[in-house]
Structures are given as structure tokens and as C-alpha cells.
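**Q**
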Amino acid sequence: MALGAAYSIVTPTFEHASSIADYLDATLRSASLPFHWIIVDDGSRDGTADRVEAWLAAHPSPRIARATVIRNQRPMFETACDNIGFRVAETDVVIEIQADIHVREPRFDALMIEALETSPKPSAISARCGHTFAALKPASPLSRLFRRSTGDSVGLCGRAIETPHIIETIRGNLYRCETVNRGPWLVLKRDLERQGYLDERHFFLGNDDHDYHRRLFEAEGRRPLYVPMAIHAPLGLGANRRKRSGINKEIFDRLSAEKRGSPAFHRFLASIQSSMPPQRIK
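Note that the working numbering has the sequence shown beginning at 4, numbered continuously upward.
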């Protein structure tokens, strides 16, 4: 086990060289417990992994119990990168934080871990947002706006990530949701092992987190929680919005055609007749 680590952070990166130091600074500054930092660089050509290693060497901290930098030679994308990090993790508690999410909540790690004590045991915990499964169904912009106005989501879903101040009135609350978004996203290794990790056979970028929550709910009746926290994550920093070229575009185009979600996930979404809006439980 990572000596002295209370949990692990898994960070997938792609072409984040210009902003990775800000992300690393923000995460370390907001953390309060010792952790094993696992960075999975997904074939970056801008020196992201080198900058991560240089930053780690220049910023020793008792909160970084151990650091592991993994370099994918070919792009594998988010689902597979997360699974790589989850498998490397030696702690039960794992928090996934993408490199475009700058956490600004003091003790974010302790707050998320404390939420694990909620009964029944949550299937996951997000510090970004929560919503219904029905919100994942294809819809027009007007329909999406109506869903938000009827309370089908809470927190920084969609473009709300550009207005992080809106969570100020709900910080300190706790919500049980049908599903939540990764980033920051706490999962338990024992659950991942029991469920066979994220489904990278059918997913590669997006909705794998919601499918994971679906599987745990169907198998064990457990729901995820949303814990509102201060985060800074402009959409422009997101890796999936970067211009793709070369081998990255080639693999992205192939996976986009091959991995469109599992049949079980699509059947589940199609079968939804009613939803449970996020419920404040604290």
C-alpha cells in the first residue's frame, strides 16, 4: 500500500502543459490528508508529463505520500485512463479529478470522505453536480432548460460550470441523486473490483460514470451523493475540447464509431418512466 496515504487521487491528462501547474497547485493547496497521486498522461505531445514530474520534484509535501506518473504511448481516452489509475491505486478511497478541474474548497478530501459515513452507503460522491438519469436522454436546448428549472439537477451541471458562484447558497448541504458527474469523483476500490471497473468495452469518453452508478444501483440499491464545493473549471480547459490531430484524431474517430455505450445502458435510459430529483439529506 502507498505508505501513509489515506486515499488516492487519479488524474487523467492530455495536452495540459500550459495549465497543469495551476491544477497541481490548486489540488495540493486544497487537500488536507496524505494521498497517493496517480497521474495518467494520455499520449500528450506538449510535454505535460515532463512538467508534472518537474512540479512534483519541486514541491515535496507531507500530503503527497507517493506519486506515480504513467505515460500512455497511444491515446486511450478518459474511461481507460481512469481504469488504469483505479487499478494502480492501493487505497480503498479513490478520488478522480480531471486536470481541468481546479479545486478551491479547503479540506475537499476530508469533506468527501466524511460523506461516506452516510447511511445507506453511497455508491460514489461528486463535488461537481448531481441529476436524474432522465437528464441524460437526448433533448433540445429548451427541454434541457426546462429540466433544470424543474429541479432535475443540482450543482455545476453543463454550462453551469462557468458560473461556480451559484453553489454558494448550497455549500454545506448534501444531496442524494440518481447519478452524479465525475470531477471530483470519489469511488471505492472494493466497489470497482466487484463491478469490474468502468465499462471500457462500451465507453471511452463520457457516460461511463453514469453507467457505473446504474450498475451499482441495480446490483445493490445504492445511490451516489453530491457534496457542493468550490471548484473552478472553465469549459475551455477541458481536454475533450482540444483540437485533435494525427493519431489522437484517428483513434478518437474510431472509438466514437465503436463505443457508443452498452446495450444495457441504452435499454435502461429508454425504460425510464419517472425520476427521483436530487434530494437534500443534510
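From the three backbone atoms N, C-alpha and C, an ideal C-beta is built for every residue, glycine too. Only a predicted model underlies this, so the values are computations on that prediction, with no experimental measurement involved.
Give the range of the beta strand (DSSP E) segment to which histidine 134 is assigned.
**A** Translated into the one-based positions of the sequence shown, residue 134 becomes position 131. That run of the beta strand (DSSP E) goes 132-134.
**Q** Would you tell me roughly how many angstroms separate the C-alpha atoms of isoleucine 67 and glycine 7, rounded to the nearest one?
**A** Taking the sequence shown and counting its residues from 1, the one referred to as residue 67 is at position 64. Taking the sequence shown and counting its residues from 1, the one referred to as residue 7 is at position 4. Whole-angstrom Cα-Cα distance: 9 Å.
**Q** Under 7 Å from any heavy atom of the ligand FAD, does the C-beta of threonine 172 make it?
**A** Among the components modelled here there is no ligand, and therefore nothing to report on the ligand FAD.
**Q** Kindly indicate which residue of Lys192, Ala130, Asp202 and Asp155 has the alpha-carbon position closest to the one of isoleucine 170.
**A** Residue numbering aside, residue 170 sits at position 167 when the sequence shown is read from its first letter. Ranking the options by Cα distance to isoleucine 170, first place goes to Ala130.
**Q** Is it right to say serine 33 is buried, meaning 16 or more other beta carbons lie within 10 angstroms of its own, or is it exposed?
**A** If you number the sequence shown from 1, residue 33 lands on position 30. It is buried - the Cβ of serine 33 has at least 16 other Cβ atoms within 10 Å.
**Q** If you pair each beta-carbon of the stretch 244-264 with each one of the stretch 176-185, do three or more pairs fall below 8 Å?
**A** In short, these stretches do not touch, since the Cβ pair count stays below three.
**Q** Since phenylalanine 38 is in the alpha helix (DSSP H), which residue starts that stretch and which ends it?
**A** Your numbering for residue 38 matches position 35 in the sequence shown. It is not in any alpha helix (DSSP H) - phenylalanine 38 instead sits in the beta strand (DSSP E) that spans 38-45.
**Q** Exposed or buried, which one is serine 259 when buried takes at least 16 other CB atoms within 10 Å?
**A** Taking the first residue of the sequence shown as position 1, residue 259 is located at position 256. Result: exposed.
**Q** Between Arg217, Arg107 and Arg283, which lies nearest to histidine 269 when the distance is taken from Cα to Cα?
**A** Taking the first residue of the sequence shown as position 1, residue 269 is located at position 266. Nearest option by C-alpha distance: Arg217.
**Q** Tell me, which residues are paired with tryptophan 188 by DSSP?
**A** As a working mapping, residue 188 is identified with position 185 in the sequence shown. Paired residues: Glu99 and Ser129.
**Q** Alpha carbon to alpha carbon, what distance is there between phenylalanine 80 and leucine 159?
**A** Sequence index remark: in the sequence shown, residue 159 carries index 156 (1-based). Sequence index remark: in the sequence shown, residue 80 carries index 77 (1-based). Roughly 23 Å separates the two Cα atoms.
**Q** If asparagine 210 and glycine 264 are in contact, beta carbons under 8 Å, what's the gap, nearest whole angstrom?
**A** Along the sequence shown, one-based indexing puts residue 210 at 207. Along the sequence shown, one-based indexing puts residue 264 at 261. Confirmed, Cβ separation roughly 6 Å.
**Q** For proline 231, collect the residues of the same chain with a Cβ closer than 7 Å to its Cβ; drop the 5 residues on either side in sequence, then sort them by chain order.
**A** Numbered from its first residue, the sequence shown carries residue 231 at position 228. Gly158, Ile170, Ile173, Arg174 and Asn176.
**Q** What do you reckon, are the CB atoms on proline 37 and alanine 61 nearer than 8 Å?
**A** Locating residue 37 in the sequence shown gives position 34, where the first residue counts as 1. Locating residue 61 in the sequence shown gives position 58, where the first residue counts as 1. No, the pair does not count as a contact, with Cβ atoms beyond the cut-off.
**Q** Check serine 35 in the structure and name its three-state DSSP category.
**A** Sequence index remark: in the sequence shown, residue 35 carries index 32 (1-based). Here serine 35 sits in coil by DSSP.
**Q** Mind checking who tyrosine 178 pairs with in its DSSP beta bridge?
**A** Mapped onto the sequence shown, residue 178 falls at position 175. According to DSSP, which records beta bridges pairwise, tyrosine 178 is partnered with Tyr229 and Arg283.
**Q** Return the chain-ordered list of same chain residues with a C-beta closer than 6 Å to the C-beta of glycine 88, the five sequence neighbours on each side being excluded.
**A** For this step, residue 88 is matched to residue 85 along the sequence shown. Correct list, in chain order: Val13, Ile41 and Val43.
**Q** Among the candidates Phe207, Asp212 and Pro187, whose CA atom is the shortest distance from the CA of leucine 195?
**A** Locating residue 195 in the sequence shown gives position 192, counting from the first residue. If we check each option's Cα against that of leucine 195, Asp212 comes out closest.
**Q** Would you decide whether histidine 205 is buried or exposed? Buried here means 16 or more other CB atoms lie within 10 Å of its CB.
**A** The count along the sequence shown starts at 1 and reaches residue 205 at position 202. By the 10 Å Cβ count, histidine 205 comes out buried.
**Q** Mapping DSSP to helix, strand and coil, what is histidine 205?
**A** Taking the first residue of the sequence shown as 1, we reach residue 205 at position 202. In the structure shown, histidine 205 sits in coil (DSSP, three-state: anything other than H, G, I, E or B).
**Q** Would you tell me roughly how many angstroms separate the C-alpha atoms of alanine 127 and leucine 201, rounded to the nearest one?
**A** As a working note, residue 127 is residue 124 in the sequence shown. As a working note, residue 201 is residue 198 in the sequence shown. Computed Cα separation, rounded: 13 Å.
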